[in-house]
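Engineer: In the numbering used here, the protein residues as written are 46 to 269. Note that CB positions come from ideal geometry on N, CA and C, so glycine has one too. Take this structure first; my questions come after.
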Amino acid sequence: MYSISAERSAGWSGLAFLVCLVLSIVVPGGAPPDISGTPAAIGSFLTAHHQGLLISAWLGFPTMAFFLWFAVGVRAHLAHAAGVADGLPLYAITAAIIMPAIALVSSCVLTVLLLTAIPTDDLPGWWGLYMLLSVPLGAASVVFIFAAAHSMRRHRSASPALAYYGYLTALGGAASTFSVFSASGPMSLAGWVTLILGVGLFAIWIIATSVWLIRSAGASAAAS
46 MYSISAERSA GWSGLAFLVC LVLSIVVPGG APPDISGTPA AIGSFLTAHH
96 QGLLISAWLG FPTMAFFLWF AVGVRAHLAH AAGVADGLPL YAITAAIIMP
146 AIALVSSCVL TVLLLTAIPT DDLPGWWGLY MLLSVPLGAA SVVFIFAAAH
196 SMRRHRSASP ALAYYGYLTA LGGAASTFSV FSASGPMSLA GWVTLILGVG
246 LFAIWIIATS VWLIRSAGAS AAAS
């Protein structure tokens with residue numbers, strides 16, 4: 046049964062997810078080395094930012110929990126608005142479930158880097174795996190956001206502005222996956238262009254969609 050209160054809480058969960066995501070990025074401090082970094086550079090970064098990186102890895106747990114409830118709320122609202130089984134809400138939630146699964150693997154790899162005695166020569170391989178996991182994570186987010194935006198536009202469940210911004214966010218996320226072709230520079234995995242396209246646009250979409258869930262639930266409750 047469709048629940049207005051659950052939809053509103055999903056909106057707040059989206060905002061909580063974003064807070065955890067920002068903390069996981071900011072807390073470690075410093076710019077991480079590129080995927081082409083030397084063993085010495087990677088080892089120095091892990092040592093200098095050990096505690097912050099460990100907190101960032103742990104934050105994967107609440108980040109996952111908040112995001113999943115947000116995604117469930119998005120799916121519920123889309124399915125309720127559609128009124129028919131057109132597949133888009135299911136398509137969106139499937140990709141949304143894959144996202145935290147990849148993120149948890151990334152957290153586990155980071156924890157291994159921080160808490161185990163990895164030989165110096167093996168550091169680039171482990172660090173490369175940790176960095177490269179952001180690519181399939183970004184790809185899954187593209188599917189989730191595109192499916193949600195397309196359902197919003199098709200069934201007019203959200204404003205055209207939010208639907209079209211969803212398309213833009215999905216396009217930016219898709220462009221950010223080209224970072225696999227750059228070992229360094231602004232379009233690398235840790236480059237500022239990749240962060241804007243893959244994280245910046247996504248963060249704004251999360252805020253806008255969370256507000257949409259909260260306001261839609263409030264409007265539905267008032268109408269009832």
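At the level of alpha carbons, what is the spacing between Gly82 and Pro169?
Structural biologist: Within the sequence shown, numbered from 1, the residue matching residue 82 stands at position 37. Within the sequence shown, numbered from 1, the residue matching residue 169 stands at position 124. Straight-line Cα distance between these residues: approximately 7 Å.
Engineer: Please classify Phe90: is it buried, with 16 or more other beta-carbons within 10 angstroms of its beta-carbon, or exposed?
Structural biologist: Working through the sequence shown from its first residue, we reach residue 90 at position 45. Per the 10 Å Cβ criterion, buried.
Engineer: Answer yes if the stretch 143 to 156 comes into contact with the stretch 191 to 204, meaning at least three C-beta pairs across the two stretches below 8 Å, and no otherwise.
Structural biologist: no
Engineer: Looking at the structure shown, is Thr139 part of a helix, part of a strand, or coil, going by DSSP?
Structural biologist: Here the question's residue 139 lines up with position 94 in the sequence shown. It is helical.
Engineer: Please classify Pro134: is it buried, with 16 or more other beta-carbons within 10 angstroms of its beta-carbon, or exposed?
Structural biologist: Translated into the one-based positions of the sequence shown, residue 134 becomes position 89. The residue is buried, with at least 16 neighbouring Cβ atoms inside 10 Å.
Engineer: For the stretch 202 to 213 against the stretch 245 to 262, do three or more pairs of beta-carbon atoms, one drawn from each stretch, fall closer than 8 Å, so that the two count as touching?
Structural biologist: yes
Engineer: Would you identify the three-state DSSP class for Ala219, choosing helix, strand or coil?
Structural biologist: Along the sequence shown, one-based indexing puts residue 219 at 174. Ala219: helix per DSSP, three-state reduction.
Engineer: Let me know the secondary structure DSSP gives Ala104 once reduced to three states.
Structural biologist: Along the sequence shown, one-based indexing puts residue 104 at 59. Strictly speaking, residue 104 in this sequence is Leu, with Ala absent from that position. The answer is coil: DSSP assigns Leu104 none of H, G, I, E or B.
Engineer: Does Asp131 come out as helix, strand or coil in the three-state DSSP assignment?
Structural biologist: By 1-based counting over the sequence shown, the position of residue 131 is 86. Here Asp131 sits in coil by DSSP.
Engineer: Look at the Cβ atom of Asp79, then the Cβ atom of Ala185, and state whether they are nearer than 8 Å.
Structural biologist: Position 34 of the sequence shown, counting from 1, holds the residue named residue 79. Position 140 of the sequence shown, counting from 1, holds the residue named residue 185. Between Asp79 and Ala185, the C-beta gap is not smaller than 8 Å, which leaves the two residues out of contact.
Engineer: Can you say whether Trp237 is buried or exposed, counting buried as having 16 or more other CB atoms within 10 angstroms of its CB?
Structural biologist: What you label residue 237 is simply residue 192 of the sequence shown in a count that begins at 1. The residue in question, Trp237, is exposed, as its Cβ has fewer than 16 Cβ neighbours within 10 Å.
Engineer: Quick one: residues in its chain with C-beta nearer than 7 Å to the C-beta of Thr156, no 5 flanking neighbours on either side, listed in chain order?
Structural biologist: Here residue 156 corresponds to residue number 111 of the sequence shown, with the count starting at 1. Excluding residues within five positions, the ones whose Cβ falls inside 7 Å are Ala102.
Engineer: With DSSP collapsed to three states, give me the class of Ala55.
Structural biologist: The count along the sequence shown starts at 1 and reaches residue 55 at position 10. In this structure, Ala55 counts as helix in the three-state DSSP scheme.
Engineer: Using the Cα positions of Gly75 and Ser202, report the straight-line distance between them to the nearest angstrom.
Structural biologist: In the sequence shown, counting from the first residue as 1, residue 75 sits at position 30. In the sequence shown, counting from the first residue as 1, residue 202 sits at position 157. So the two alpha carbons sit approximately 41 Å from each other.
Engineer: Between Leu178 and Ser151, which are expected to be in contact by the criterion C-beta below 8 Å, what is the C-beta distance as a whole number of angstroms?
Structural biologist: For this step, residue 178 is matched to residue 133 along the sequence shown. For this step, residue 151 is matched to residue 106 along the sequence shown. Confirmed, Cβ separation roughly 4 Å.
Engineer: Tell me which residues share the same chain as Ile147 and place their Cβ nearer than 7 Å to its Cβ, disregarding the 5 neighbours each side in the sequence.
Structural biologist: Walking along the sequence shown from the start, residue 147 turns up at place 102. So the qualifying residues of the chain are Leu178, Pro181, Leu182, Ala185.
Engineer: Can you list, in chain order, the residues of its chain whose CB lies under 6 Å from that of Ser69, leaving out five sequence neighbours each side?
Structural biologist: As a first step, residue 69 is located in the sequence shown; it is residue number 24 there, counting from the start. Same-chain partners within the cutoff: Ser101, Leu104.
Engineer: On the criterion of 16 or more Cβ atoms from any shown chain inside 10 Å, does Gly230 qualify as buried, or is it exposed?
Structural biologist: The count along the sequence shown starts at 1 and reaches residue 230 at position 185. Flag for Gly230 reads exposed.
Engineer: Tell me which same chain residues have a C-beta within less than 8 Å of the C-beta of Cys65, skipping the five on either side of it?
Structural biologist: Mapped onto the sequence shown, residue 65 falls at position 20. Contacts found: Leu104, Pro107, Thr108, Phe111.
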